[in-house]
C-alpha cells in the first residue's frame, strides 16, 4: 500500500465533497466562467411532487425565509415579477437528487450524489433561470442540526457571494 493512501482517504472523508461541482462541506463552488454580477433577482424552484415529503420535513427550519433573507443581505432581491435571474433549490445532504426533476441540469449526469455530505448539512443550488443550468452550489455545515444553527450556517456559506472572477 502506498504510504500516502491513509492520509488521502482521511482527507477525502474530512472534506465530504459533493460530486458536481466539487464543494467542500461548509463552502461553495461555482462555474468560474459566469458573470455573477449579472444576477440581481432570485426565486425558489417549485418542489417536485416526488420530493414533497422531504421538503415538508425541511419546513421546520424555515429555510425559505432564512435563505430569502440571507440572499437579500448578499445583494440579491426576491423576484416578484415571476422572471428571476436565479432559481434557488435546496435539499438535505445524505441522499441522491435528480436535479432534472427539479427543472435544471448540471454539466453532467442529472443525478447529483450528495450522499457523502452529512445529513445535518443543507445543500443549496443556484441555477441560471434562462439556461436552467447549475451555476453555484453551497453546502451549509450543520445547518439542519437545530433551528438555531440554520441562519449562521447559511450566512457562512454565502460569505463568498457573489463569486469574484
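Residue numbers (the working numbering): 6 to 170.
Backbone N, C-alpha and C fix where the C-beta goes; we use that ideal spot for every residue, glycine too.
Since this is a predicted model, take the numbers as computed values, not measurements.
With fewer than 16 other CB atoms across the displayed protein chains lying within 10 angstroms of its CB, residue 103 is exposed.
Residue 160 and residue 53 have their C-alpha atoms some 26 Å from each other. Taking C-beta atoms as the reference points, residue 74 and residue 46 fail to come closer than 9 Å. Burial is judged here by how many other beta carbons sit within 10 angstroms of a residue's own beta carbon; residue 78 has fewer than 16 and is exposed. Taking each of 146, 90, 56 and 147 in turn and checking the Cα distance to residue 43, the smallest one comes out for 90. Around the beta carbon of residue 35, 16 or more other beta carbons lie within 10 angstroms, which makes this residue buried. By the Cβ neighbour-count rule, residue 109 is buried, with 16 or more other Cβ atoms within 10 Å of its own. The beta-bridge partner set that DSSP reports for residue 34 consists of 142. Residue 87 and residue 55 have their C-alpha atoms spaced approximately 23 Å apart. Between residue 122 and residue 98, the alpha-carbon positions lie close to 5 Å from each other.
Taking 9 Å as the cut-off, the beta carbon of residue 125 is found no closer than this to the beta carbon of residue 111. Taking every protein chain shown into account, the CB of residue 80 has fewer than 16 other CB atoms within 10 angstroms, so this residue is exposed. Between residue 48 and the set 41, 82 and 157, the nearest pair of CA atoms involves 82. Closest option to residue 141, judged by alpha-carbon separation, among 151, 148 and 129: 129.
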